[in-house]
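Beneath this line is the structure, given in structure tokens, with notes to follow.
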Amino acid sequence: MTMESDLATVASIAESAASFAVSAFTASAAASPLVGRLDLAISQREAAAAAATFRAELSGFSEQRHENYRLWVQSVDGQRYGDWAPGATLLAEAIGARDAAVLAAWQVDAARVITPDERSAFASGYHLPPSPRNERSAVLHTGSVAVLIFSPIVWALTLLLFFLTGTSLNPVAHLGGLGLLIGGTLWFTARRLADPEWHTRNEAAGLAAADRRVELLGFDPLADPTRLPRPWAEDTFVKKRLEQFLTDAYTNFPIPGELLALHLPRTRNPAVERSAQLRALLTRFEATDATSRLLATHSRSALASPADERPVPNTP
Numbered sequence: 001m002t003m004e005s006d007l008a009t010v011a012s013i014a015e016s017a018a019s020f021a022v023s024a025f026t027a028s029a030a031a032s033p034l035v036g037r038l039d040l041a042i043s044q045r046e047a048a049a050a051a052a053t054f055r056a057e058l059s060g061f062s063e064q065r066h067e068n069y070r071l072w073v074q075s076v077d078g079q080r081y082g083d084w085a086p087g088a089t090l091l092a093e094a095i096g097a098r099d100a101a102v103l104a105a106w107q108v109d110a111a112r113v114i115t116p117d118e119r120s121a122f123a124s125g126y127h128l129p130p131s132p133r134n135e136r137s138a139v140l141h142t143g144s145v146a147v148l149i150f151s152p153i154v155w156a157l158t159l160l161l162f163f164l165t166g167t168s169l170n171p172v173a174h175l176g177g178l179g180l181l182i183g184g185t186l187w188f189t190a191r192r193l194a195d196p197e198w199h200t201r202n203e204a205a206g207l208a209a210a211d212r213r214v215e216l217l218g219f220d221p222l223a224d225p226t227r228l229p230r231p232w233a234e235d236t237f238v239k240k241r242l243e244q245f246l247t248d249a250y251t252n253f254p255i256p257g258e259l260l261a262l263h264l265p266r267t268r269n270p271a272v273e274r275s276a277q278l279r280a281l282l283t284r285f286e287a288t289d290a291t292s293r294l295l296a297t298h299s300r301s302a303l304a305s306p307a308d309e310r311p312v313p314n315t316p
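Numbering (full-length UniProt numbering), first residue to last: 1 to 316.
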């Protein structure tokens, strides 16, 4: 219960961080820094240039490329890029924050669905308690394996000892064959003693448990532990394209028409999600996105059609 509670706390923090990141992007997209805020526009351009330079230094670009970029950012195209880049960075961060929130929410469901006993059963292969016959069979099988492995070794060491001491080999000549006979007899007895019906029921129980995990989580994380839950967005490559564009801009010098449109990708349909926690989170994402689109529409309308400020005539 403590682990599940800790995961729920992490999921709540991750969702709050995602909400903050989306709000930051929405606010930057709704505002127009060039309208009455030239100082803000200049600072954003400088920040974008500094970020691009930092990424370029990590890539080990030459000093000439640095100089070419410094000249370009002062051009009209460079200034437009400088106005665009902060919003692109915020959008990439918002998508990444939502990715983290999705993973955290899914992990809460996974901890609830998959109990420690179920993990142990998957690891051992025992999904049902073994029957008395199977317990005796397991003991005999272990003994037969031990005899079959160690009897030839003991026989070989005994032969070596007799050879070194010069003693006659007749008493031990048949020890190896006797060990193999005993081991084979134990192995055959263990096979005959095993309960085949229990094995069938155990396998069916394992398959039923796997089907339940797939039904509640979308896939079986015990069978595929490296797999991640399905991303939240319909277009799962927006973040990658933005980050690649921001990196390539240092040498590609994009023109305004090449700048990517900045908007959150649409949230995929929550109704088809099997994880209850993730389904609820996607529903909240949809509600947040609908509100953000409405605010953005009102903001653009206000900028395009300023309020009529003509004085109201005095009434006689």
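Quick reminder that beta carbons are idealized off the backbone N, C-alpha and C, glycines included.
1. Under a three-way DSSP split, which group does Thr267 fall into?
2. According to DSSP, simplified to helix, strand and coil, what is Ala85?
3. Of the choices Gly96, Arg70, Arg65, Thr26, whose alpha-carbon is the least far from that of Lys240?
4. Would the segment 75 to 84 and the segment 222 to 231 be scored as touching if the rule is three or more Cβ pairs under 8 Å?
5. Just to confirm before moving on: does the CB-CB distance between residue 323 and Phe253 stay below 9 Å?
6. Would you call the segment 11 to 26 and the segment 99 to 111 in contact, with 3 or more CB pairs under 8 Å?
7. Can you find the residues in the same chain that come closer than 6 Å, C-beta to C-beta, to Asp235, ignoring five residues on each side of it along the sequence?
8. Report yes if the C-beta distance between Ala30 and Leu295 is below 9 Å; otherwise report no.
9. Measuring only the C-alpha atoms, how far is Asp211 from Asp220?
10. Going straight from the alpha carbon of Gly206 to that of Thr247, what length do you get?
11. Residue range of the alpha helix (DSSP H) that Gly206 falls in?
12. Taking the alpha carbon of Ile255 as the reference point, which residue from Val73, Asp109, Pro129 has its own alpha carbon closest?
13. Less than 8 Å between the CB of Ser75 and some heavy atom of the ligand NAD, yes or no?
14. Going by C-alpha to C-alpha distance, which of Glu286, Thr291, Ser5, Thr251 sits closest to Glu67?
15. Enumerate in chain order the residues of its own chain whose CB-to-CB distance from Leu38 is below 8 Å, with the five nearest sequence positions on each side excluded.
16. If you count every other CB in all the chains shown that lies within 10 Å of the CB of Phe20, and 16 or more means buried, which is it?
So, from the data block:
1. In this structure, Thr267 counts as strand in the three-state DSSP scheme.
2. helix
3. Gly96
4. no
5. As displayed, the chain neither begins before 1 nor continues past 316, which places residue 323 out of reach and without an answer.
6. yes
7. Pro265
8. Contact: yes.
9. 8 Å
10. Distance between Gly206 and Thr247, taken at the CA atoms: about 48 Å.
11. 196 to 217 is the extent of the alpha helix (DSSP H) around Gly206.
12. The shortest Cα separation from Ile255 among Val73, Asp109, Pro129 belongs to Val73.
13. Absence of the ligand NAD is noted for the structure shown, with no ligands found whatsoever.
14. If we check each option's Cα against that of Glu67, Thr251 comes out closest.
15. Per-residue confidence for Leu38 stands at a pLDDT of 45, beneath the threshold of 50, marking its modelled position as unreliable; the derived number appears in the next sentence. Shown here for Leu38: not one same chain residue has a beta carbon closer than 8 Å to its own, the five before and five after excluded.
16. exposed
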